[in-house]
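In the working numbering, the protein residues as written are 1 to 125. Here's the structure, in structure tokens; my notes come after.
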Amino acid sequence: MHFEIVSLALALPQIRQGTIKPLAVFTEKRIAVLPDVPTIAEAGYPGAHYVSWYGIYVPSATPDALAEQINRAINKALLNPDVQRQLAVADIPGKPMSLKELATLMKADHDKLTSVVKASGMTPQ
């Protein structure tokens, strides 16, 4: 069986067309747009939930002050109710955060996903 873990934003159009079948969502709670799809815990894998997130990146040579300025502008946009509504459609939490918080999140996600892959016996390809 072939399977893939993808974001809801990518999968939802195909789910609605019937070209793919969702087996579970990786959220802690069922999601509004797919209320009949179980969570990963309900499917038998407690502790494997995952919250999708998106980051915006700049080249590594970007001056810190400019990166901070861009981050502040993005965080301001994320507070806009229209932006929040658009993100909610794809069940993406629009959470403003600092550059340091993003780095911490990225490391935690990497560590968690590495342990999940190792525990599963999968070979990354």
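Heads up, the beta-carbon is just placed ideally off N, CA and C, and yes, glycines get one too.
For residue i, I'd like the list of residues in its chain whose CB is within less than 6 Å of its CB, leaving aside the five on either flank, ordered along the chain.
i: L99; result: N71
i: S7; result: S52
Quick check on DSSP: helix, strand or coil for residue i?
i: V116; result: helix
i: T19; result: coil
i: V25; result: strand
i: T39; result: strand
i: V85; result: It is worth fixing the name first, because residue 85 is Arg in this sequence and not Val. The answer is helix: DSSP assigns R85 an H, G or I state.
i: I56; result: coil
i: M97; result: coil
Please return the same chain residues whose Cβ sits closer than 8 Å to the Cβ of residue i, not counting the five positions on each side in sequence.
i: Y45; result: A24
Less than 7 Å between C-beta atoms, sequence neighbours within five positions excluded: which residues of the same chain meet that for residue i?
i: E28; result: T39 and H49
(request) Evaluate contact between the segment 96-110 and the segment 59-76, counting only Cβ atoms and requiring at least three cross-stretch pairs below 8 Å. (result) At 8 Å Cβ cutoff, the stretches touch.
(message) Within 8 Å, do at least three Cβ pairs link the segment 35-43 to the segment 53-61?
(response) The way I'd put it, the segment 53-61 doesn't touch the segment 35-43; fewer than three beta-carbon pairs between them come closer than 8 Å.
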